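Enquirer: Top to bottom, those sequences are chains B and S. All the letters of the first sequence, read from the start, carry residue numbers 1 to 76 under this note's numbering. All the letters of the second sequence, read from the start, carry residue numbers 77 to 466 under this note's numbering. Submitted below is the structure of interest, expressed as structure tokens.
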Amino acid sequence: MSIPVFLIVFVGLVALGMAALGFALATGHARWEMLATRREAMVALKLVAILLLLLATLYVTNTGRYTGVDFIYGRF
Amino acid sequence: MFDTAWFWCALAGLFVALQAIPPERPRLRAAALGFISIGAIALAGMGWRALLLLAAAVAWTAFAAARAQPMRGHGSYGRALLLVLPILLAWGWGKIASAQQGPLGWLFFLGASFLLVKAFSLIRDRLDGKVREADPVMVAAYLLYFPTYFSGPMHDYGEFESTLRAPERPRGEDFVDIVLRFTLGLFKVYALAALLAPLSLDALQNVATISPRQLVFGALVYSFVLYFNFSGYTDMVIAASRAIGIKVPENFDRPYLAPSIREFWRRWHITFSRALTAHIFIPTARALSRRLSGVPLMVPAIAYLVTFLFAGFWHGATLGFLLWGLWHAAGLIAQDLWQRLRRAKPGTVPRAQTGIARAFGIGLTFAYVSLGWVFFALPDAQLLKLAGLH
């Protein structure tokens, strides 16, 4: 997968998920209460975000595109 | 730093030590932090000569800060400068002895480090009476705190002392926030910056010819590479520090949404900018305003030049950094002139910026800052080639 395609797919998937959730909440198909409390829902969302970010980072670093980017540390 | 075993071992050691030692014993906490930090800095690959130099610099600063007495009048600046002079000279000697020397090599001493800025600001704050007491053990911990030692963010002494005396102990959901912030930093540095770097100015470091299109595109992408790298690193430092109860100040606040260059410098590398403002810009402007009271336009212009020439050389004594400093000083001077002209226009009343004007300002600032990164990122030889001088 090329770099732009990966970015488009990744950002697209996240945007699609958010849009679907927003739509469901707006049309009454889903309610915050269904996700237990709002606070718990936020924690769940954060955990999902952590998982997604980790997966994406692992994907990029394992596909040979890691270019030694500890730039700041190296430069200063 | 974050992909090394020494960092995680040191952080785990610090976590255990700071959990075990109660906040009522801040000196003991500072001592543990200092010892673990110097071990971590040594493991990061610092040679024994540099370590000796560092230990001497820390000991001298602790001694000078402990002995300094509040002064009356404006003499504190000169006295503080005099007191950090031994560190400056030692650092300069170390750099000249170890680093390659270009045509501007004699200015290496200016690019000393975060340590020098912290030492100077602490001693000056002591002389000004802003810091009432500087315990040597606390000062050593302040200067050496290893997650921020290499690339900031820079605490001021008061912030560091209060976070060590009254630590914020994270619990429960706080750890989710901490892990999220750390993972976001990881993602910015190792995914986003890594993906974009081959499309940025990084890819033009050694190429034979660069077209204007390549240069502009590379500069725009490089803006994001640098931001993701630096702010991602900062995210990780802040998260890791929060996990052990040390509060670290924020270093970025959506800098590319700044509608002007001045606003950009309030949002980019915030802790360095505030040190530059407090210790270079304001004292220079204050000194000049007494001598150039007849030409008020010149005061901020010269102060910006001095401040950003220092900022450039602080990053390294190269032609590129010098030009980068000049570029930003020129932007700030132009903004200052523009605002003065607008204010001087008869019948003009100050009003809030409209949405379109603000969007235009954001775009212009981003373009200006991005082009400035050309001087920052490309080596001198490449810059001379671009100018047709090589």
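All C-beta atoms in this analysis are idealised placements derived from N, C-alpha and C, irrespective of residue type, glycine included. Every value quoted in this text rests on a predicted model; they were computed, and no experiment measured them.
Near S/I117, what residues of its chain come up, given a Cβ to Cβ distance below 8 Å and the 5 sequence neighbours on each side ignored?
Expert: The count along the second sequence starts at 1 and reaches residue 117 of chain S at position 41. So the list reads L127, L130, L220, F222, Y225, once near-sequence residues are dropped.
Enquirer: So, is S/E209 buried or exposed, given that buried needs 16 or more other C-beta atoms within 10 angstroms?
Expert: Start at 1 with the first residue of the second sequence, and residue 209 of chain S comes out as number 133. S/E209 is exposed by the Cβ-count criterion.
Enquirer: Find the nearest neighbour of S/G437 within the set S/S276, S/Y266, S/F340, S/R143, judged by alpha-carbon distance.
Expert: The count along the second sequence starts at 1 and reaches residue 437 of chain S at position 361. The shortest C-alpha separation from S/G437 is found at S/F340.
Enquirer: Pairing CB atoms from the stretch 296-309 of chain S with CB atoms from the stretch 265-273 of chain S, are three or more of them under 8 Å?
Expert: In short, these stretches touch, since the Cβ pair count reaches three.
Enquirer: Going by alpha carbons, who is nearest to S/K323 out of S/P331, S/D329, S/G123, S/D311?
Expert: Your numbering for residue 323 of chain S matches position 247 in the second sequence. It is S/D311 whose Cα lies nearest to the Cα of S/K323.
Enquirer: Give the straight-line distance between the Cα atoms of S/T80 and S/A217, rounded to the nearest whole angstrom.
Expert: Taking the first residue of the second sequence as position 1, residue 80 of chain S is located at position 4. Taking the first residue of the second sequence as position 1, residue 217 of chain S is located at position 141. Using only the alpha carbons, I get a separation of about 22 Å.
Enquirer: Using the beta-carbon of each residue, which ones in chain B are nearer than 7 Å to S/E249?
Expert: By 1-based counting over the second sequence, the position of residue 249 of chain S is 173. By Cβ distance, chain B contributes V43.
Enquirer: With a threshold of 7 Å between beta carbons, is S/L262 in contact with chain B?
Expert: If you number the second sequence from 1, residue 262 of chain S lands on position 186. Interface residue, yes.
Enquirer: Which word fits S/L240, buried or exposed, when buried means at least 16 other C-beta atoms lie within 10 angstroms of its C-beta?
Expert: The count along the second sequence starts at 1 and reaches residue 240 of chain S at position 164. Its Cβ being crowded by 16 or more others within 10 Å, S/L240 is buried.
Enquirer: Determine the DSSP secondary structure at S/S365, reduced to helix, strand or coil.
Expert: The count along the second sequence starts at 1 and reaches residue 365 of chain S at position 289. S/S365 falls in the helix class under three-state DSSP.
Enquirer: So which residues of chain B does S/A267 contact, with C-beta pairs closer than 7 Å?
Expert: As a working mapping, residue 267 of chain S is identified with position 191 in the second sequence. Those are A56, T57, V60, listed as they occur along chain B.
Enquirer: So what does DSSP say about S/R148, is it helix, strand or coil?
Expert: Along the second sequence, one-based indexing puts residue 148 of chain S at 72. Reduced to three states, the DSSP call for S/R148 is coil.
Enquirer: For S/I432, count the other beta carbons within 10 Å of its own beta carbon; 16 or more makes it buried, fewer makes it exposed. Which is it?
Expert: Indexing the second sequence from 1 puts residue 432 of chain S at position 356. Under this definition S/I432 is an exposed residue.
Enquirer: Apart from the five residues just before and just after S/A405, which ones in its own chain have a Cβ nearer than 6 Å to its Cβ?
Expert: Numbered from 1 along the second sequence, position 329 holds the residue referred to as residue 405 of chain S. Counting only Cβ-Cβ distances below 6 Å, and skipping sequence neighbours, we find Y380, L381, F384.
Enquirer: Unbroken alpha helix (DSSP H) runs of length 4 or more, entirely within the stretch 370-454 of chain S: which are they?
Expert: 374-391, 395-420, 431-453, all fully within the stretch 370-454 of chain S.
Enquirer: For the stretch 444-455 of chain S against the stretch 286-297 of chain S, are there 3 or more C-beta pairs whose distance is under 8 Å?
Expert: The stretch 444-455 of chain S vs the stretch 286-297 of chain S: in contact.
Enquirer: Let me make sure I understand the geometry here. Which of S/A315, S/L364, S/K206, S/R143 has the alpha-carbon closest to that of S/E244?
Expert: Here residue 244 of chain S corresponds to residue number 168 of the second sequence, with the count starting at 1. Per the Cα distances, S/A315.
Enquirer: Return helix, strand or coil for S/D456, following the three-state DSSP convention.
Expert: For the purposes of this step, residue 456 of chain S is taken as the residue at position 380 of the second sequence. The answer is helix: DSSP assigns S/D456 an H, G or I state.
Enquirer: Counting only Cβ pairs nearer than 7 Å, list the residues of chain B close to S/T259.
Expert: Within the second sequence, residue 259 of chain S is the residue found at index 183, counting from 1. Going along chain B in sequence order, the residues near S/T259 (Cβ under 7 Å) are I50, L53, L54.
Enquirer: By the DSSP assignment, the alpha helix (DSSP H) with S/T259 in it spans what residues?
Expert: Mapped onto the second sequence, residue 259 of chain S falls at position 183. Residues 249-263.
Enquirer: Could you tell me if S/M263 is buried or exposed, where buried requires 16 or more neighbouring beta carbons within 10 angstroms of its beta carbon?
Expert: Locating residue 263 of chain S in the second sequence gives position 187, where the first residue counts as 1. The residue asked about is misnamed: residue 263 of chain S is Phe in this sequence, not Met. Label assigned to S/F263: buried.
Enquirer: Taking DSSP as the reference, what is the three-state secondary structure of S/W82?
Expert: As a first step, residue 82 of chain S must be located in the second sequence, where it is residue number 6. Residue state, collapsed to three classes: helix.
Enquirer: Under 8 Å between beta-carbons, which chain B residues line up against S/V252? List them in chain order, please.
Expert: On the second sequence, position 176 is the one that residue 252 of chain S refers to. Here the neighbours are V43, K46, L47, I50.
Enquirer: Who are the near neighbours of S/M147 in its chain, counting only those whose CB is closer than 7 Å to its CB and skipping five residues on each side?
Expert: As a working note, residue 147 of chain S is residue 71 in the second sequence. Once the five neighbours on either side are set aside, the close Cβ partners of S/M147 are R155, L203.
Enquirer: Could you spell out where the alpha helix (DSSP H) holding S/M214 opens and where it closes?
Expert: Walking along the second sequence from the start, residue 214 of chain S turns up at place 138. Here the alpha helix (DSSP H) through S/M214 covers 212-220.
Enquirer: Mark S/L357 as exposed unless 16 or more other C-beta atoms lie within 10 angstroms of its C-beta, in which case mark it buried.
Expert: Reading the second sequence from its first residue, position 281 is the one you call residue 357 of chain S. One point to set straight first is that residue 357 of chain S is Phe, not Leu, in the sequence displayed. The residue in question, S/F357, is buried, as its Cβ has 16 or more Cβ neighbours within 10 Å.
Enquirer: Using a Cβ-Cβ cut-off of 6 Å (strictly less than) and excluding sequence neighbours within five positions of S/L272, which residues of its own chain qualify?
Expert: Residue mapping note: residue 272 of chain S aligns to position 196 of the second sequence, counting from 1. Result list for S/L272: V297, F300, V301, in chain order.
Enquirer: At the level of alpha carbons, what is the spacing between S/Q177 and S/G396?
Expert: Within the second sequence, numbered from 1, the residue matching residue 177 of chain S stands at position 101. Within the second sequence, numbered from 1, the residue matching residue 396 of chain S stands at position 320. Any reading at S/Q177 must be qualified, since the residue scores a pLDDT of 47, below 50, and its modelled position is unreliable; the value itself is stated next. Taking the straight line from one Cα to the other gives about 15 Å.
Enquirer: What ranges does the alpha helix (DSSP H) occupy inside the stretch 320-359 of chain S, keeping only unbroken runs of at least 4 residues that lie completely in it?
Expert: Within the stretch 320-359 of chain S, the complete alpha helix (DSSP H) runs of at least 4 residues are 337-343, 346-352.
Enquirer: If we ignore side chains and look at the alpha-carbon of each, how far apart do S/M439 and S/F293 end up?
Expert: Against the second sequence, residue 439 of chain S aligns to sequence position 363. Against the second sequence, residue 293 of chain S aligns to sequence position 217. As written in the sequence, residue 439 of chain S is Gly, which differs from the Met given in the question. Their Cα atoms are separated by approximately 15 Å.
Enquirer: Beta-carbon separation of S/W136 and S/P162 under 7 Å?
Expert: Walking along the second sequence from the start, residue 136 of chain S turns up at place 60. Walking along the second sequence from the start, residue 162 of chain S turns up at place 86. For S/W136 and S/P162, yes; Cβs fall inside 7 Å.
Enquirer: S/M230 by DSSP, collapsed to three states: which one?
Expert: For the purposes of this step, residue 230 of chain S is identified with residue 154 of the second sequence, where counting begins at 1. Correct three-state label for S/M230: coil.
Enquirer: Chain B partners of S/V255, CB-CB under 8 Å?
Expert: As a first step, residue 255 of chain S is located in the second sequence; it is residue number 179 there, counting from the start. Those are I50, listed as they occur along chain B.
Enquirer: Taking contact to mean 3 or more Cβ pairs, one atom from each stretch, closer than 8 Å, check whether the stretch 244-263 of chain S and the stretch 340-355 of chain S are in contact.
Expert: Taking 8 Å as the limit for Cβ pairs, the verdict is that the stretch 340-355 of chain S does not touch the stretch 244-263 of chain S.
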